[in-house]
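So the number in my numbering is just where the residue sits in the sequence shown, counting from 1, plus 2.
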Amino acid sequence: MLRELLLLVYAGAVGFVAAGIAASFYKMITLEPARFRLLGQSFLAWTTAVVFCAVTGPVIVVDHAIQSRRKDRIPMLWVFGGVFIAGLWSCCLGVLVLELILAVKGSFA
């Protein structure tokens, strides 16, 4: 049980770091923070936006929750809810990233 919990925490950390790297790279290139929005009207733009939001989602949610709290627009319970959702999202993303790493590693072995 403890091993699975530690693995889940590790996957969450990996997922949040991957989301942070992707969001930081986007901000470095475009000079604006990552947000949930479509990047165009074509199928390719829509698909890219969905994948981008799926990867950077945890950082976007936490960033929005913290900024909203600083402006006193939302209660603290909502901030905890946003962080909880971002944590679960990070765990899912982390599992996908770790699976991708293991698949790539296995293809070179």
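Note that the Cβ used here is the ideal one computed from N, Cα and C, for glycine as well. The model shown is predicted, which means the values in this text are computed figures rather than measured ones.
Short Cβ contact (8 Å threshold) for residue i with residue j
i, j, result
"V57", "A21", "yes"
"V64", "G96", "no"
"L7", "C93", "no"
"V53", "A67", "no"
Own chain residues within Cβ distance below 7 Å of residue i, not counting five before or after
i, result
"F38", "C55, I62"
"A36", "A25, Y28, K29, T58, V61, I62"
"A16", "The sequence given here has Val at residue 16, not Ala. Contacts found: G96, V99, L100."
"W48", "L40"
"L33", "none"
Proximal residues to residue i (C-beta, below 6 Å), its chain only, five neighbours per side dropped
i, result
"I76", "S70"
"A51", "L40, L41"
"R5", "none"
Same chain, Cβ closer than 8 Å to residue i, neighbours up to 5 away in sequence not counted
i, result
"I87", "V63"
**Study point:** Segments assigned alpha helix (DSSP H), at least 4 residues, entirely inside the stretch 23 to 100
**Key:** 45 to 72
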